[in-house]
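A.B. asks:
Residue numbers (the numbering used here): 10 to 147.
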């Protein structure tokens, strides 16, 4: 492969990718809120293709074909099923920690951090429980 034989080309491609990400950050920073989500969605989609193409050695057509082979409708259905439960857990934790905030910015910061840590932990535990459940019904 050409990139492995020429480290200068590899560095050039890598720094081009960094420059592109900085450009996207600049565009998002200067745009209004409606456009930010459009730019971010487009950028993330293009970034997956670019990574596969430059670093994985496969073109966009091969990437899309392998993506369709790897991800089925069942994966989508499981994700849609799990999402409301995880949202409920995050919402309950955020509300309960938000009600514990006292009258200072320090208290707000501490409770926000506590809320994030608890939410990540509980979502991980809930995801593990879903994994056990789905493994047992297969």
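C-beta atoms are modelled at their ideal positions from N, C-alpha and C, and glycine is treated no differently.
1) My understanding is that residue 87 touches residue 143, with C-beta atoms under 8 angstroms, so please give their C-beta distance in whole angstroms.
2) What three-state label does DSSP hand residue 107 in the structure shown?
3) Per the contact definition of three or more C-beta pairs closer than 8 angstroms, is the segment 98 to 105 in contact with the segment 113 to 128?
4) Taking 8 angstroms as the threshold (C-beta atoms), are residue 95 and residue 132 in contact?
5) Tell me the residue span of the alpha helix (DSSP H) that contains residue 124.
6) Rounded to whole angstroms, what's the CA-CA distance from residue 115 to residue 106? Just pull it up for me.
7) Determine, using beta carbons only, whether residue 135 and residue 98 come nearer to each other than 8 angstroms.
C.D. replies: Taking the coordinates as given:
1) In the chain shown, residue 87 corresponds to position 78, counting from 1. In the chain shown, residue 143 corresponds to position 134, counting from 1. Sure, about 7 angstroms apart at Cβ, within 8 angstroms.
2) Counted from its first residue, the chain shown places residue 107 at position 98. Here residue 107 sits in helix by DSSP.
3) Yes, since at least three Cβ pairs between the segment 113 to 128 and the segment 98 to 105 fall closer than 8 angstroms, the two stretches touch.
4) The count along the chain shown starts at 1 and reaches residue 132 at position 123. The count along the chain shown starts at 1 and reaches residue 95 at position 86. Taking a C-beta distance under 8 angstroms as the contact criterion, residue 132 and residue 95 qualify as a contact pair.
5) Position 115 of the chain shown holds residue 124. Counting along the chain, the alpha helix (DSSP H) containing residue 124 begins and ends at 114 to 146.
6) The residue you call residue 115 lines up with position 106 of the chain shown. The residue you call residue 106 lines up with position 97 of the chain shown. Cα to Cα, residue 115 sits roughly 14 angstroms from residue 106.
7) Position 126 of the chain shown, counted from the start, is the residue given in the question as residue 135. Position 89 of the chain shown, counted from the start, is the residue given in the question as residue 98. In this structure, residue 135 lies near residue 98, with their beta-carbon atoms less than 8 angstroms apart.
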